[in-house]
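Novice: Quick one: the structure is below, and I'll ask about it shortly.
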Amino acid sequence: MEIRHSTNPADAKHYDTARLRKQYLIENLFQADQINMVYAHDDRLVIGGANPVGKKLTLEAADVLKTEYFLERREIGFIHIGGGEAVIETDGERHTLGKLDTLYVGKGTRSVTVSSANPSEPAKVYFTSALAHATYPTRKVSVQEATTLNLGALESSNERTIHQIIHENGVQSCQLMLGVTLFKPGSVWNTMPAHLHDRRMEAYLYFDMNADARVFHFMGEPNETRHLVVSNEQAVISPSWSIHSGAGTSSYAFVWAMAGENYSFKDQEFIAMDALK
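According to the UniProt record's numbering, the sequence shown is numbered sequentially starting from 1.
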């Protein structure tokens, strides 16, 4: 498990491209027959990817956590982003996930494994895990069961559908929030106008991109913006002080996840366009 320590905006505005990418971009989450994880000290979110091919992969408590098992003091949300069906077993209970199906697993679950239903069609499963103080039941949902918001317009190139899955009016958790945003044809801008929520960090996973497509992900303080050039199936850590917005060279989708103080999707401060610099 890789560790990424927190940063503050006074330091981050001096970072060059290499430092920005090292600090905030996660490039190699999905590798055959591996579970890869990053421990972000921003709200102690763990960001990970599993790509089981010929093996059943076990979610283990790395030395970083100093616990007997991974979910001893944590909760986790899995979302299947591509390939064939994924199979997640939680304390012996089997859950099969198709594309964009989500599985929430609560604190106290001792055994979690991830495998592909068909090794010839390997699954890719993205997950985020937050600290938890109470136990909520394990629950699988499809994207069709999510709370759905249709926002933006084609004229502003940001007509999109937001599926809120793990949140206050959906799958219950302690503090983890997770959903997926899909775009209408011809739209490429996400989360614009930009916003902040100083009480929560956020992580984005960009996916369903062509090999030569890129997303220009904008971050930083509103008056000190920076950008990352992001490829398919790469993730971005967004500190609570940073905006998080992006535009793609072609079609894409992204999974967003949050953890922190307030358990409300509406806890955000929009930034006026003339305040961005």
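Just so you know, even glycine gets a beta-carbon here, dropped at the ideal spot from N, CA and C.
Just verifying my parser: in three-state terms, what is the DSSP assignment at Lys22?
Specialist: Lys22 falls in the helix class under three-state DSSP.
Novice: Note down the Cα distance separating residue 325 from Ala117, rounded to an integer number of angstroms.
Specialist: Outside the displayed range of the chain (1 to 277) lies residue 325, so it cannot be described from this structure.
Novice: Between the C-alpha atoms of Thr113 and Met273, what's the straight-line distance to the nearest angstrom?
Specialist: Between Thr113 and Met273, the C-alpha separation is close to 45 Å.
Novice: What residue range does the alpha helix (DSSP H) around Ala10 cover?
Specialist: Looking at the DSSP string, the run of the alpha helix (DSSP H) that includes Ala10 is 9-12.
Novice: Determine, using beta carbons only, whether His244 and His227 come nearer to each other than 9 Å.
Specialist: The answer is no: Cβ separation not under 9 Å.
Novice: Can you list the alpha helix (DSSP H) stretches of 4 or more residues lying completely in the region 120-165, in chain order?
Specialist: Counting whole runs of 4 or more residues, the region 120-165 contains no alpha helix (DSSP H) stretch at all.
Novice: Check Phe30 in the structure and name its three-state DSSP category.
Specialist: Phe30: coil per DSSP, three-state reduction.
Novice: Is there contact here, the region 236-250 with the region 205-214, by at least three beta-carbon pairs under 8 Å?
Specialist: Yes, they touch.
Novice: State the DSSP-derived secondary structure class of Thr17, mapped to helix, strand or coil.
Specialist: Reduced to three states, the DSSP call for Thr17 is helix.
Novice: Check for me: the beta strand (DSSP E) holding Tyr69 runs from which residue to which?
Specialist: Run containing Tyr69: none; DSSP gives neither H nor E here.
Novice: Mind checking whether Ile76 and Phe30 have CB atoms under 9 Å apart?
Specialist: No.
Novice: Taking 9 Å as the CB-CB cut-off, is Ala203 touching chain D?
Specialist: Among the chains of the structure shown, chain D does not appear; only one protein chain is present.
Novice: Is His167 near Thr148, with beta carbons less than 9 Å apart?
Specialist: Not a contact, by the Cβ cut-off of 9 Å.
Novice: Quick one: measure Cβ to Cβ for Val141 and Ile165, integer angstroms, because I've assumed they're closer than 8 Å.
Specialist: That pair is a contact at about 6 Å.
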